[in-house]
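Using the numbering used here, you'd call the opening residue of the sequence shown number 7 and step up by one each time.
For glycine and all other residues, C-beta sits at the position ideal for the given N, C-alpha and C.
A quick note: this is a predicted structure, and the numbers were derived from the prediction, not measured.
Each remark here refers to the structure printed beneath this line.
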Amino acid sequence: MPMPPAPTRIALTRQVSSAIEQCELTHVQRAPIDIGRARKQHHDYEQVLRRLGCRVETLSEEPELPDSVFVEDTAIVLEEVAVITRPGAPSRRPETASIAGALARYRKLLRIEAPGTLDGGDVLLIERTLYVGTSRRSNREAIEQLTALLAPLGYHVRPVAVRGCLHLKTAVTQVAEGRLLINPSWVDRAEFAGMRYVEVDEAEPFGANAVLLGDQVIYPTSHPRTAERLRRLGIAVHTVEMSETEKAEGGVTCCSLLFSAAGA
Ligand code: GLY
């Protein structure tokens, strides 16, 4: 019997806003952003996603929404449903409308409602558990809503304290089956029982944000020592230049929503 084809993996992205220099900043000093370079880097990032087997769907620029390239914060896409978030920064809330329009073709939509606030950058999905950072962007009300929305689908939601950085996924992401890349100054290892770790190099505190696609990792060139640690573990690392979106306090996970086209 021939094997059924693997489901298409979608990467939903959005072009860099011409207003990106007016982005929200919390833990990063404002610095000039080269918009042409930001767009070239974003294009190259999309090319890596294609090379790793994704079908990239790019939404057009939102010139009034400075942070709108960071699509990850607007939704949590699971196999069965997509949860449209209510971003913690009011300036970012209008970003969700076009994302909901794009995701409605693939998933039933659920929503976080006021007074809940949730950024997708605070949500780390490992198997059937969603670890949710209790950051300045994501609050208890949203975590309670998420728990009620997803418990019937068999998901567990676990709040995790983060300190000193914007989002949970600034502090920790998954880089292989059973292994996390972590900055232990910003989140406690003990929150993730049963996982193995690799720590960021101490000179690269922002180095814990990586995209895991199958067994391949997309990772920024700005953290070469940590990249070397990953390679020494046998992890396949594909590096991308992210200098301009890093100035806007965004990492590699922030710039895409990744999901299979065939939802439940
Ligand atoms: N500039 C990214 C954010 O603050 O959401």
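Please classify Tyr-203: is it buried, with 16 or more other beta-carbons within 10 angstroms of its beta-carbon, or exposed?
Flag for Tyr-203 reads exposed.
Through-space distance from Thr-259 to Glu-52, alpha-carbon basis
Inter-residue distance for Glu-52 and Thr-259 is about 12 Å (C-alpha atoms, whole angstroms).
Can Asp-125 and Pro-93 be called in contact, C-beta distance under 7 Å?
Pro-93 sits close to Asp-125, with the two beta carbons spaced by under 7 Å.
Between which residues of its own chain and Ala-182 is the CB-CB distance below 6 Å, once the five residues before and five after are set aside?
Same-chain partners within the cutoff: Ile-241.
In DSSP terms, what Phe-265 is bridged to
Looking at the DSSP assignment, Phe-265 forms a beta bridge with Ile-16.
Those residues, in chain order, that have a beta-carbon closer than 7 Å to some heavy atom of the ligand GLY
Listed by position along the chain, the residues with Cβ atoms less than 7 Å from a non-hydrogen atom of the ligand GLY are Cys-29, Glu-30, Leu-31, Thr-32, Asp-73, Phe-76, Asp-79, Ala-95, Arg-98, Asp-125, Leu-172, Ala-254, Glu-255 and Gly-256.
Tyr-51 (DSSP reduced to helix, strand or coil):
DSSP, reduced to helix, strand and coil, places Tyr-51 within a helical segment of the structure shown.
How is Tyr-176 classed by DSSP in three states: helix, strand or coil?
This sequence places Thr at residue 176; Tyr is not what is there. Thr-176: helix per DSSP, three-state reduction.
On the three-state DSSP scale, how would you describe Pro-165?
Residue state, collapsed to three classes: strand.
Looking at the structure shown, is Leu-152 part of a helix, part of a strand, or coil, going by DSSP?
Leu-152 sits in a helix when the DSSP states are folded into three classes.
Would you call Glu-85 buried or exposed, if buried means 16 or more other Cβ atoms sit within 10 Å of its Cβ?
Note on Glu-85: under 16 other CB atoms within 10 angstroms of its CB, so exposed under the neighbour-count rule.
Decide if Ser-66 is buried, meaning its Cβ has at least 16 other Cβ atoms within 10 Å, or exposed.
Classification for Ser-66: exposed.
Cβ neighbours of Ala-228 in the same chain (closer than 7 Å, five flanking residues each side left out):
Position check: residue 228 holds Ser in this sequence, whereas Ala was assumed. Excluding positions up to five away in sequence, the list reads Met-248, Ser-249 and Glu-252.
Kindly list the residues whose CB is nearer than 6 Å to the CB of Ser-262, restricted to its own chain and excluding five residues on each side of it in sequence; keep chain order.
Residues of the same chain with a CB within less than 6 Å of the CB of Ser-262, apart from the 5 flanking positions on each side, are Ala-17 and Thr-19 in chain order.
In whole angstroms, what separates the C-alpha of Glu-255 from that of Pro-8?
Distance between the alpha carbons of Glu-255 and Pro-8: 46 Å.
Contacts around Ala-267, its chain only, beta-carbon distance under 7 Å, and the 5 residues preceding and following it disregarded
In its chain, beyond the 5 residues on either side, Pro-13, Thr-14, Ile-16 and Tyr-112 have a beta carbon closer than 7 Å to the beta carbon of Ala-267.
DSSP puts Ile-118 in a beta bridge; with which residues?
When DSSP reads this structure, Ile-118 sits in no beta bridge, so it has no partner.
Within its chain, find whatever has a CB closer than 7 Å to the CB of Ala-316; leave out the 5 residues flanking it on each side and keep chain order.
Residue coverage of the chain in this structure runs from 7 to 270, which leaves residue 316 outside it and unanswerable.
Ile-82 - DSSP class collapsed to helix/strand/coil
In this structure, Ile-82 counts as strand in the three-state DSSP scheme.
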